[in-house]
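Working notes, beginning with the structure itself.
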Amino acid sequence: MSQFTVHANFQNRRIQVRMLPNESGQLLLERSCKVLELDAAGYGLKAGKSMVDLSLPLRLSGLIAGSKVEIVPVSNKPYNVNIALQLEDINSRVSVTVSSSDTVLEALNKGGATAGVNLVQRVADSGYYYIPTVRFLNKTLVSLSDLSKPISYYGIKSASLLRVKLELSDIPFEHIKNDLVFCHPEEASESQRPTEENKLVSIQSTSTEITNGSISQPAADTPSTPVTRTENESKMNSRKVQVYKSAESSTPQNANYEDDEATYELTLDRAKQYQAMLSNKARSNGPLLTKALREKLQEERAPQISEMFIRIRLPDETQIQSGFHPNESINAVYSFVRSTLKDPTINFQLSAPRPARSFDESDTSTLTDLLGFSSRVLLLMTLEGQARMQRNSLLKDDYLKSALDISAATESSSADDLKHTDDQNSKHTEPTITKSASKTAPTKSMPKWLKLGKK
């Protein structure tokens with residue numbers, strides 16, 4: 001790849017810098033400031049009326065042979081940067097907000113605390129240091145001197161992606177542990193177990209250990225339960241829990257269902273109900289309502305529910321069900337599920353099947369805001385991280401002993417839903433049907449032409 005010349009101007013001084021098309025704008029700024037004896041941290045590059053993105057290669061910045069750039073002072077005031085870390089060792093991605101004045105190591109330390117993985121003070125059994133290797137665009141940071149520079153030095157800005165991989169170095173950890181002063185000493189233990197600091201992050205960020213390229217589960221005595229669990233403990237003890245186990249037969253339940261033709265026959269009463277419902281929806285003779293009146297009317301028409309029955313389907317096709325107050329948060333459902341598991345520290349996520357959406361454990365919204373005004377809701381439980389390799393039963397033995405067959409539960413639930421729907425339809429349509437029938441029902445009388453013909 002051939003080199004080209006870029007002209008850099010600074011206070012009526014012009015220099016020529018030889019660059020390659022794949023080299024970054026930060027490197028152009030460093031070489032220019034080195035010749036002019038300036039500190040590159042306090043300056044930037046300006047081409048025309050716009051600033052040059054220092055993180056991009058010159059071929060993507062629009063700088064060609066003979067381009068002219070101006071070295072201008074920039075503000076050193078730190079600002080927040082939202083970046084993403086792709087942890088290649090555990091195939092996970094985490095977002096973290098750091099300051100532009102933070103070093104790359106400090107950014108990795110904050111990202112590791114969010115993900116529950118020690119990225120900056122990991123030690124092998126032999127006592128050598130696992131150094132994090134960071135790749136950003138066409139730059140690779142492999143030394144501690146490169147990682148100790150601020151992220152603004154490399155032009156890292158919001159929405160940037162850093163790929164992080166831990167590699168075993170030939171540096172003893174005892175020689176460099178004093179340089180990592182921003183980390184807590186207890187994080188550098190040889191066992192690499194998660195500390196109490198990990199309580200500040202979500203319960204889903206359970207710490208894992210990477211040793212010689214392998215990942216192991218955290219210790220069972222690791223205290224990683226959420227703080228809100230103790231608040232909901234009394235509620236969980238009073239909840240009525242019902243467990244359903246999957247059918248022993250491999251034949252799908254729908255295959256054994258005998259279809260009844262009478263179910264699809266439209267009776268006269270049901271046809272009148274449907275006609276009344278369509279007539280009510282088609283009426284537009286009412287007065288126009290303001291936004292406040294419409295919202296008030298929607299609140300009055302909203303179904304009133306005092307208890308929501310939420311059923312959670314586990315990966316092993318086992319289901320657990322309990323009742324919740326509509327004003328409770330999704331965190332109460334997470335705490336309830338953890339109370340029924342053998343390992344409460346396992347990583348999982350709850351989601352709704354249709355429409356597909358997942359719920360964060362730290363979300364403070366009420367169940368009615370997330371799930372709507374429904375008395376029965378089905379949620380799916382998905383394991384995360386190393387918990388996906390779990391093949392044994394997840395529930396405690398006490399709950400499995402009292403488990404019922406899922407087929408009986410499905411039939412009873414379908415019957416209840418059908419009864420509830422019929423009651424709601426009849427409640428809203430019976431008065432309209434009776435009224436319309438009373439008005440339109442004709443009296444059976446003999447027509448006049450027939451009377452005249454009999455004379």
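Mapping the sequence shown onto full-length UniProt numbering, position 93 (from 1) lands on 93, and the numbers just tick up by one. Note that beta-carbon positions come from the ideal geometry of N, C-alpha and C, so glycine has one too.
Delimiting residues of the alpha helix (DSSP H) encompassing residue i
i      : result
Ala113 : 104–115
Val35  : 25–36
Val337 : 330–340
Gln298 : 291–301
Ser152 : First-last for Ser152: undefined, no H or E at that position.
Thr133 : Per DSSP, Thr133 belongs to no alpha helix (DSSP H); it is in the beta strand (DSSP E), 128–136.
Leu60  : 58–61
Leu367 : 367–371
Lys49  : Note, Lys49: premise wrong, no alpha helix (DSSP H); not H, not E.
Extent of the continuous beta strand (DSSP E) run through residue i
i      : result
Gly323 : 319–324
Ser169 : 161–172
Thr5   : 4–10
Lys68  : 68–73
Tyr399 : Tyr399 -> not in any beta strand (DSSP E); alpha helix (DSSP H) instead, spanning 397–401.
Thr382 : 376–383
Thr140 : 139–141
Tyr244 : 242–245
Ile305 : Ile305 -> no beta strand (DSSP E), and no H or E assigned at all.
Other residues of its chain near residue i: CB distance less than 6 Å, five sequence neighbours each side excluded
i      : result
Glu299 : none
His420 : Caution applies to His420, whose pLDDT of 49 falls short of 50 and renders its modelled position unreliable; the value that the coordinates give is listed next. For His420, where only same-chain residues beyond five positions count, there are no Cβ hits under 6 Å.
Leu85  : Val94, Gly111, Leu162, Val164
Ala159 : none
Thr97  : Asn80, Asn82
Lys245 : Thr318, Ala403
Counted within 10 angstroms of its Cβ, other Cβ atoms place residue i as buried (16 or more) or exposed
i      : result
Ala292 : exposed
Glu190 : The predicted model places Glu190 with a pLDDT of 38, which falls under 50 and marks its position as unreliable, so this point remains unresolved.
Phe173 : buried
Phe336 : buried
Gln304 : exposed
Ala271 : exposed
Asp65  : One detail in the question is off: residue 65 reads as Ala in this sequence, not Asp. Its Cβ having fewer than 16 others within 10 Å, Ala65 is exposed.
Arg301 : exposed
Gly155 : buried
Asn280 : exposed
Asn327 : exposed
Tyr274 : exposed
Ser61  : buried
Ala356 : exposed
Cut-off 8 Å between Cβ atoms - residues of its own chain near residue i, not counting five sequence neighbours on either side
i      : result
Ser67  : Val6, His7, Ala47
Leu297 : Leu289
Leu166 : Asp89, Leu119, Arg122, Tyr130, Ile131, Pro132, Thr133, Ile210
Ser169 : Tyr128, Tyr129, Tyr130, Ile131
Tyr153 : Gln26, Ala40, Ala41
Leu314 : Ile320, Met381, Leu394, Leu395
Arg13  : Leu36
Beta-carbon proximity list for residue i, same chain, < 7 Å, skipping 5 on both sides
i      : result
Arg18  : Gln3, Thr5
Ala115 : Leu87, Ser92, Val94, Ser205
Arg239 : Ser322, Gly323, Phe336
Ile157 : Note that residue 157 corresponds to Lys in the displayed sequence, not to Ile. Same-chain partners within the cutoff: Ser55, Val81.
Asp146 : none
Asn22  : Met1, Pro57, Arg59, Asn138
Beta-carbon gap between residue i and residue j smaller than 8 Å
i      : j      : result
Ser24  : Pro57  : yes
Ser329 : Ser365 : yes
Ile131 : Ala107 : no
Gly112 : Val120 : yes
Ser375 : Met308 : yes
Val81  : Ser100 : yes
Val241 : Ile310 : no
Leu350 : Ile320 : no
Leu141 : Val243 : no
Leu45  : Leu28  : yes
Asp343 : Ser393 : no
Nearest-angstrom beta carbon gap, residue j and residue i [assumed within contact, 8 Å]
i      : j      : result
Glu71  : Tyr43  : According to the sequence displayed, residue 71 carries Ile and not Glu. The pair is a contact, with the Cβ atoms about 5 Å apart (cut-off 8 Å).
Leu162 : Val134 : 5 Å
Asp102 : Ile151 : 6 Å
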